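Worksheet for the structure shown next.
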Amino acid sequence: MKPRLHSPDERQAALLEQLRLLIRGETTEGRVLRTLRREVLGLTQKTYAERVGVSRRTLSDIERDAGNASMASLDRVFRPLGLRVGLLPRQPELLAALVEDASS
Numbered sequence: 752m753k754p755r756l757h758s759p760d761e762r763q764a765a766l767l768e769q770l771r772l773l774i775r776g777e778t779t780e781g782r783v784l785r786t787l788r789r790e791v792l793g794l795t796q797k798t799y800a801e802r803v804g805v806s807r808r809t810l811s812d813i814e815r816d817a818g819n820a821s822m823a824s825l826d827r828v829f830r831p832l833g834l835r836v837g838l839l840p841r842q843p844e845l846l847a848a849l850v851e852d853a854s855s
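Residues in the sequence shown are numbered from 752 upward in steps of one, following the working numbering.
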């Protein structure tokens, strides 16, 4: 898989779109990771896992939303994408209020 040569603006737009889908509950953290790894970075699981310091199996489990990855592993795989693992409310209403407050 060859790296995609997206401009910084295109990479940022792809990241924001994936996060919007996640916030709306239309995707999962694992799918966000897989999409950004493949479509923005153009990297295989093996290459990305080696670069971030996790096993390919751990990366695969995270991308499939399977298993029980540690916070350290989650941080390792999301950090190169400019993301950090954090806490968000589960209730859509609270999440919407949080997002609305943040944009004010």
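C-beta: ideal position from N, C-alpha, C; glycine also. Here the structure is a predicted model, which means the values were calculated and not measured.
query                                                                                                                            : result
What first and last residue would you give for the alpha helix (DSSP H) that runs through P820?                                  : At residue 820 the sequence reads Ala, which differs from the Pro that was named. Neither: A820 is in no alpha helix (DSSP H) and is coded neither H nor E.
Under 8 angstroms: do the segment 755-770 and the segment 785-793 share three or more Cβ pairs, one atom per stretch?            : yes
Taking the alpha carbon of G804 as the reference point, which residue from R775, A823 and D816 has its own alpha carbon closest? : A823
Would you kindly report the start and end of the unbroken alpha helix (DSSP H) that includes G833?                               : Note, G833: premise wrong, no alpha helix (DSSP H); not H, not E.
L794 lies in the alpha helix (DSSP H); which residues open and close that run?                                                   : Per DSSP, L794 belongs to no alpha helix (DSSP H) and is neither H nor E.
According to DSSP, is S758 part of a helix, a strand, or is it coil?                                                             : coil
To the nearest whole angstrom, what separates the beta carbons of E784 and F829, a pair I think is in contact under 8 angstroms? : Note on residue identity: the sequence assigns Leu, not Glu, to residue 784. Their Cβ separation, rounded to whole angstroms, is 7 angstroms, which keeps L784 and F829 in contact under 8 angstroms.
Name the residue from L832, E780, G837 and S758 whose alpha carbon lies nearest to the alpha carbon of S811.                     : E780
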